[in-house]
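For reference, the structure is listed below as structure tokens.
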DNA sequence: GACGAGTATCTTGATTTCCGAAATATTGAC
DNA sequence: GTCAATATTTCGGAAATCAAGATACTCGTC
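Chains as they are written, first to last, in my numbering: chain A, 1 to 172; chain B, 1 to 172.
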């Protein structure tokens with residue numbers, strides 16, 4: 001079904017296949033880099049990988065309950081208690097009881113404050129200093145592209161995110 | 001690079017800023033999904049997160065020495081010995097001595113064979129079944145785009161990979 | 001050739017993290 | 001008001017991780 005609409009074998013359609021491969025290879029390389037980055041960032045934060053990843057999840061998304069964290073990180077619920085304990089002890093997160101359902105606890109990141117690390121302006125939602133110094137090179141990179149191209153990139157990113165989220169959700 | 005310098009404040013240049021934000025937000029969401037996916041995939045592989053991430057690194061890149069793995073994953077060298085022991089015991093990697101420098105060991109993934117999980121054709125270099133069933137939705141997704149757009153995406157992915165790799169390398 | 005400095009991997013014992021199951025607290029239905 | 005259901009925490013044991021020392025190999029120098 002690859003060449004479904006017929007394009008993949010359209011004379012010089014090999015170009016298209018090349019692009020698929022390039023995107024896949026670059027994507028994999030990027031994933032590998034991300035893994036290493038995850039550990040490097042944890043290291044510099046003086047956090048163990050699990051605690052750090054938990055914190056990233058909270059900062060990049062919405063507040064989560066311990067049970068949710070356990071499900072997403074595939075940890076035992078008891079483990080999450082320890083993780084949140086450690087993060088809370090360091091003042092990085094905060095436990096609040098759910099207003100409606102008081103057996104629930106919501107874990108919220110604390111002090112998500114100033115910018116992306118190299119910017120001091122008010123940062124966007126959920127985007128605190130996970131990766132200090134990352135913003136600038138990305139801005140530089142994006143200057144290379146036209147508005148239309150950025151449109152394409154944003155669209156693609158959004159859709160890939162959807163695919164990945166579907167995958168992540170399915171595994172629960 | 002088209003209207004390079006002055007565009008970000010060009011009357012309705014707000015559109016550009018919007019796109020920057022969208023790319024950042026979607027990118028972060030994607031990173032969060034990737035973290036969850038990492039643990040889910042480890043779970044289904046019956047591997048602990050560290051072992052799994054080590055395996056991914058080996059499969060997605062070139063064979064690495066234990067010392068290299070330790071540096072990239074920020075682990076003690078002794079830990080890597082255990083990790084590789086476990087992976088080797090399960091037949092997932094293989095230790096080879098370096099031909100020239102025999103105190104060195106190179107860890108190579110074993111049996112990287114058939115496809116991406118849902119494809120049976122010969123898979124590309126280093127791209128075994130890390131994520132079964134991922135190929136198809138991605139192919140479907142990419143059919144939405146023109147060749148020129150794919151060109152843009154591939155280019156962007158490649159360059160972002162470069163930025164991330166720089167970051168990962170710097171932390172060593 | 002053999003010696004010593006330098007480098008890479010592998011052991012070992014102590015510490016930390018993680019899991020699994022039972023205990024506690026709260027809700028919602030009957 | 002009682003009881004089943006759900007969510008979090010506690011607790012002991014197992015596993016993974018670290019730090020430092022031991023071992024093995026290479027390379028430059030004599």
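Each residue gets a CB set at the ideal place from its N, CA and C atoms; glycine is no exception.
* CA-to-CA distance, residue 147 of chain A to residue 45 of chain A, given in whole angstroms -> Locating residue 45 of chain A in the first chain gives position 45, where the first residue counts as 1. Locating residue 147 of chain A in the first chain gives position 147, where the first residue counts as 1. For residue 45 of chain A and residue 147 of chain A, the distance between alpha carbons rounds to 36 Å.
* Asked: In terms of alpha-carbon separation, which member of A/105, A/109, A/19 and A/67 lies closest to residue 52 of chain A?
  -> Numbered from 1 along the first chain, position 52 holds the residue referred to as residue 52 of chain A. Answer by Cα proximity: A/109.
* Asked: Once you ignore the five residues that flank residue 39 of chain B on each side, which residues in its own chain have a CB closer than 7 Å to its CB?
  -> Numbered from its first residue, the second chain carries residue 39 of chain B at position 39. Closer than 7 Å at Cβ, skipping near neighbours: 49.
* **Exposure label - residue 82 of chain B; buried when at least 16 CB within 10 Å** => Your numbering for residue 82 of chain B matches position 82 in the second chain. Answer is exposed; the Cβ neighbour count stays below 16.
* Please name the residues in the segment 86 to 111 of chain A whose beta-carbon is closer than 7 Å to at least one beta-carbon of chain B, in chain order. => none
* Along the chain, where does the beta strand (DSSP E) that runs through residue 102 of chain B open and close? -> Along the second chain, read from residue 1 onward, the residue named residue 102 of chain B stands at position 102. Careful: residue 102 of chain B lies outside any beta strand (DSSP E) and carries neither H nor E.
* To do: In angstroms with no decimal places, state the Cα-to-Cα distance between residue 36 of chain A and residue 168 of chain B.
  => Taking the first chain and counting its residues from 1, one reaches residue 36 of chain A at position 36. Taking the second chain and counting its residues from 1, one reaches residue 168 of chain B at position 168. Looking at the two C-alpha atoms, the distance is approximately 6 Å.
* Asked: Between residue 69 of chain B and chain A, is there a C-beta pair that is closer than 7 Å?
  -> For this step, residue 69 of chain B is matched to residue 69 along the second chain. For residue 69 of chain B, the answer is no, since every Cβ of chain A falls outside 7 Å of its Cβ.
* Asked: Would you call residue 152 of chain A buried or exposed, if buried means 16 or more other Cβ atoms sit within 10 Å of its Cβ?
  -> Reading the first chain from its first residue, position 152 is the one you call residue 152 of chain A. It is buried - the Cβ of residue 152 of chain A has at least 16 other Cβ atoms within 10 Å.
* Asked: Going straight from the alpha carbon of residue 172 of chain B to that of residue 33 of chain A, what length do you get?
  -> Within the second chain, residue 172 of chain B is the residue found at index 172, counting from 1. Within the first chain, residue 33 of chain A is the residue found at index 33, counting from 1. Cα-Cα distance, rounded: 13 Å.
* Within 10 angstroms of the Cβ of residue 99 of chain B, are there 16 or more other Cβ atoms? Answer buried if so, exposed if not. => In the second chain, the residue the question calls residue 99 of chain B occupies position 99. By the neighbour-count rule (16 or more Cβ atoms within 10 Å), residue 99 of chain B is not buried but exposed.
* Based on the DSSP output, what are the partners of residue 73 of chain A in its beta bridges? -> For this step, residue 73 of chain A is matched to residue 73 along the first chain. In the DSSP output, where bridge partners are listed per residue, residue 73 of chain A has none listed.
* Asked: Would you say residue 79 of chain B faces chain A, with C-beta separation under 7 Å as the test?
  -> Stepping through the second chain from its first residue, residue 79 of chain B is reached at position 79. Residue 79 of chain B does not count as touching chain A.
* To do: Answer yes or no: does any C-beta atom of chain B fall closer than 7 Å to that of residue 136 of chain A?
  => Working through the first chain from its first residue, we reach residue 136 of chain A at position 136. Answer no: the Cβ-Cβ gap between residue 136 of chain A and chain B never drops below 7 Å.
* To do: Give every residue of the same chain whose Cβ lies closer than 8 Å to the Cβ of residue 84 of chain B, excluding the five residues on either side of it in the sequence, and list them in chain order.
  => Position 84 of the second chain holds residue 84 of chain B. So the qualifying residues of the chain are 54, 66, 69, 93, 95 and 107.
* When B/23, B/15 and B/14 are compared against residue 135 of chain A, the one with the closest alpha-carbon -> Reading the first chain from its first residue, position 135 is the one you call residue 135 of chain A. Closest option to residue 135 of chain A, Cα to Cα, is B/23.
* To do: Using three-state DSSP, classify residue 131 of chain B as helix, strand or coil.
  => Indexing the second chain from 1 puts residue 131 of chain B at position 131. Note: residue 131 of chain B maps to coil in three-state DSSP.
* Asked: So, helix, strand or coil for residue 144 of chain B, using DSSP?
  -> By 1-based counting over the second chain, the position of residue 144 of chain B is 144. It is coil, neither helix nor strand.
* **Ranges of the alpha helix (DSSP H) found wholly within the segment 47 to 72 of chain A, counting only runs of at least 4** => 49 to 60
* Backbone CA spacing between residue 18 of chain A and residue 101 of chain A [nearest angstrom] -> Here the question's residue 18 of chain A lines up with position 18 in the first chain. Here the question's residue 101 of chain A lines up with position 101 in the first chain. The alpha-carbon atoms of residue 18 of chain A and residue 101 of chain A are separated by roughly 53 Å.
* For residue 62 of chain A and chain B, any beta-carbon pair shorter than 7 Å? -> As a working mapping, residue 62 of chain A is identified with position 62 in the first chain. By this cut-off, residue 62 of chain A is not an interface position.
* Short Cβ contact (7 Å threshold) for residue 26 of chain B with residue 47 of chain A -> Mapped onto the second chain, residue 26 of chain B falls at position 26. Mapped onto the first chain, residue 47 of chain A falls at position 47. No.
* In chain order, what residues of the segment 32 to 56 of chain A put their CB closer than 9 Å to some CB of chain B? -> 32, 33, 34, 35, 36, 37, 38, 39, 40, 41, 42, 43, 44, 49, 50, 53 and 56
* Are there 16 or more other CB atoms within 10 angstroms of the CB of residue 114 of chain B, so buried, or fewer, so exposed? -> As a first step, residue 114 of chain B is located in the second chain; it is residue number 114 there, counting from the start. Because residue 114 of chain B sits at a pLDDT of 48, beneath the cut-off of 50, its placement in the model cannot be relied upon, and the point is left open.
* Beta bridge counterpart(s) of residue 94 of chain A as assigned by DSSP -> As a working mapping, residue 94 of chain A is identified with position 94 in the first chain. Residue 94 of chain A is bridged to A/108.
* Establish whether the CB of residue 114 of chain A and some CB of chain B are separated by less than 7 Å. => Here the question's residue 114 of chain A lines up with position 114 in the first chain. Interpretation of residue 114 of chain A is limited by its pLDDT of 49, a score under 50 that renders its predicted location unreliable; the figure taken from the coordinates is listed afterwards. It does not: the Cβ of residue 114 of chain A has no partner Cβ on chain B nearer than 7 Å.
* To do: Note down, in chain order, all residues in the segment 141 to 157 of chain A with a beta-carbon under 8 Å from any beta-carbon belonging to chain B.
  => 141, 142, 143, 144, 145, 146, 147, 149, 150, 151, 152, 153, 154, 156 and 157
* Asked: Cβ of residue 30 of chain A within 7 Å of Cβ of residue 161 of chain B?
  -> Position 30 of the first chain holds residue 30 of chain A. Position 161 of the second chain holds residue 161 of chain B. Yes, the pair counts as a contact, with Cβ atoms nearer than the cut-off.
* **Inter-residue CB distance, residue 159 of chain A and residue 141 of chain B (contact presumed, cutoff 8 Å)** => Locating residue 159 of chain A in the first chain gives position 159, counting from the first residue. Locating residue 141 of chain B in the second chain gives position 141, counting from the first residue. The Cβ separation is near 6 Å, so the contact holds.
* Where does residue 120 of chain B sit, in a helix, a strand or coil, going by DSSP? -> Reading the second chain from its first residue, position 120 is the one you call residue 120 of chain B. Its pLDDT being 38, under 50, residue 120 of chain B is placed unreliably by the model, and the measurement read from it follows with that caveat. Coil.
* chain B residues whose Cβ lies nearer than 7 Å to that of residue 84 of chain A -> What you label residue 84 of chain A is simply residue 84 of the first chain in a count that begins at 1. None at all; the shortest Cβ gap to chain B is about 17 Å.
* Since residue 27 of chain A meets chain B, which of its residues come closer than 9 Å, beta carbon to beta carbon? -> Translated into positions along the first chain, residue 27 of chain A becomes position 27. Those within 9 Å of residue 27 of chain A in chain B are 138, 157 and 161.
* Between which two residues does the alpha helix (DSSP H) carrying residue 33 of chain B extend? -> To locate residue 33 of chain B, count along the second chain from 1; it is residue 33. Segment 14 to 44, the alpha helix (DSSP H) holding residue 33 of chain B.
* Asked: With respect to 6 Å, is the separation between the Cβ of residue 51 of chain A and the closest non-hydrogen atom of the ligand MN below this value?
  -> Among the ligands in the structure shown, none appear at all, so the ligand MN cannot be discussed.
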